Amino acid sequence: MKKKLVVPVVLCLAWTSFVLGEVQGAGESIAKAEVVVEGTVVDDTAITATESSLALFADGQFDPTLTGPIVDHMRATLLCEVVLLDGHQADVSGSRENMIDAVSGLVGNHQGVVALAHLPEDATAHGTFVQAKRVALLNVRGLTGDGGQKQLLSRLKKEAVHAGGLLLGIAPCPNSHCVMWRYKNDEGLDFKGSRFCPPCQRRVRALHGKGG
Ligand SMILES: [Zn+2]
75 MKKKLVVPVV LCLAWTSFVL GEVQGAGESI AKAEVVVEGT VVDDTAITAT ESSLALFADG
135 QFDPTLTGPI VDHMRATLLC EVVLLDGHQA DVSGSRENMI DAVSGLVGNH QGVVALAHLP
195 EDATAHGTFV QAKRVALLNV RGLTGDGGQK QLLSRLKKEA VHAGGLLLGI APCPNSHCVM
255 WRYKNDEGLD FKGSRFCPPC QRRVRALHGK GG
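Letter by letter, the sequence shown follows residues 75 to 286 in my numbering.
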């Protein structure tokens, strides 16, 4: 099996250009860690991920009709099992720190949990990734634009895969057509692709022992 893996060097990051505004909120330690070393590829690392699975959690405010398409897209793109958790399993509310702690309690044997959460209204970042806790929060309110449910679903599919990729150890990508691209604004989010570019795709396949 190939041992060429992307090793993320960031403990946590939040995405979009609006992240810096987040620093004023309660989550300083999370949002400040904006520094990302892109594409750090390390050969011959001992890390291997074979039987990976991710979990998707949606809080009680989330439209349940959207979770199925998101899970399906994650499975097809990330090439691993994605378990849809019961929205009643955790009380994901309050401050962002409380949400992260609540979601981290759901990780179990999963590689990580992607949570669709309604962050506090002053949270402007579209997502927060805390690698140390294997948790990614997607800010549903922040990702909601003027384009209705179709646009929201498209955005959530992209960002759920983006978050899942980070949890699996796939680094952000400079290709603006790739789902791992770190867009800077809503237009960038709507422009970028919902799937991996070929190099990122090869990394995902290698992660799962499916060759490059
Ligand atoms: Zn890529």
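Built from N, CA and C at the ideal position, the CB exists for glycine as well.
In this text the structure is predicted, and so the values were computed from the model without any measurement.
From Glu261, Leu190 and Gly186, residue whose alpha carbon lies closest to that of Asp220:
Position 146 of the sequence shown holds residue 220. Nearest option by C-alpha distance: Glu261.
Does the beta-carbon distance from Ala197 to Gly216 come in below 8 angstroms?
What you label residue 197 is simply residue 123 of the sequence shown in a count that begins at 1. What you label residue 216 is simply residue 142 of the sequence shown in a count that begins at 1. Going by C-beta atoms, Ala197 is nearer than 8 angstroms to Gly216.
Residue burial classification, Ala206 (beta-carbon count within 10 angstroms, cutoff 16)
On the sequence shown, position 132 is the one that residue 206 refers to. When all chains shown are included, Ala206 counts as exposed.
List the endpoints of the continuous alpha helix (DSSP H) containing Val166.
For the purposes of this step, residue 166 is taken as residue 92 along the sequence shown, with counting starting at 1. That residue, Val166, is in no alpha helix (DSSP H); it is neither H nor E in DSSP.
Bridge-paired residues (DSSP) for Phe131:
By 1-based counting over the sequence shown, the position of residue 131 is 57. For Phe131, which the question treats as bridged, DSSP gives the partners Ala189.
With hydrogens ignored, establish whether the beta-carbon of Phe270 is closer than 7 angstroms to any heavy atom of ligand 1.
Counting from 1 along the sequence shown, the entry for residue 270 is found at position 196. Answer for Phe270: yes, Cβ within range of ligand 1.
Return the CA-CA distance between Asp264 and Val187, expressed in angstroms with no decimal places.
Start at 1 with the first residue of the sequence shown, and residue 264 comes out as number 190. Start at 1 with the first residue of the sequence shown, and residue 187 comes out as number 113. The straight-line gap from Cα to Cα measures roughly 24 angstroms.
Helix, strand or coil: how does DSSP classify Phe270 here?
Translated into the one-based positions of the sequence shown, residue 270 becomes position 196. Three-state DSSP puts Phe270 in coil, outside helix and strand.
Smallest Cα separation from Val156: which of Val166, Ser268 and Ser126?
What you label residue 156 is simply residue 82 of the sequence shown in a count that begins at 1. Comparing Cα positions, the closest option is Ser126.
Based on the DSSP output, what are the partners of Cys247 in its beta bridges?
Sequence index remark: in the sequence shown, residue 247 carries index 173 (1-based). Per DSSP, Trp255.
Got a sec, what are the start and stop residues for the beta strand (DSSP E) Gly201 sits in?
In the sequence shown, counting from the first residue as 1, residue 201 sits at position 127. Where Gly201 is concerned, the enclosing beta strand (DSSP E) stretches over Gly201 to Val204.
Report back the beta-carbon spacing between Leu211 and Met173 to the nearest angstrom; my notes put them in contact at under 8 angstroms.
Residue mapping note: residue 211 aligns to position 137 of the sequence shown, counting from 1. Residue mapping note: residue 173 aligns to position 99 of the sequence shown, counting from 1. Between Met173 and Leu211 the Cβ distance is about 6 angstroms, and since that is below 8 angstroms, they are a contact.
Per-residue burial, Gln223 [other beta carbons within 10 Å of its own, 16 or more giving buried]
Numbered from 1 along the sequence shown, position 149 holds the residue referred to as residue 223. By the neighbour-count rule (16 or more Cβ atoms within 10 Å), Gln223 is not buried but exposed.
Taking the alpha helix (DSSP H) that Ala237 falls in, what are its first and last residues?
As a position in the sequence shown, residue 237 is number 163, starting the count at 1. Gly222 to Leu242 is the span of the alpha helix (DSSP H), which, as asked, contains Ala237.
Chain-order list of residues whose beta-carbon lies under 6 angstroms from that of Ala129 (same chain, five-residue window excluded)
In the sequence shown, residue 129 corresponds to position 55, counting from 1. Cβ within range, chain order: Val157, Leu159, His184 and Val187.
Taking the alpha-carbon positions, what's the Lys258 to Ala199 distance?
Translated into the one-based positions of the sequence shown, residue 258 becomes position 184. Translated into the one-based positions of the sequence shown, residue 199 becomes position 125. Cα to Cα, Lys258 sits roughly 11 angstroms from Ala199.
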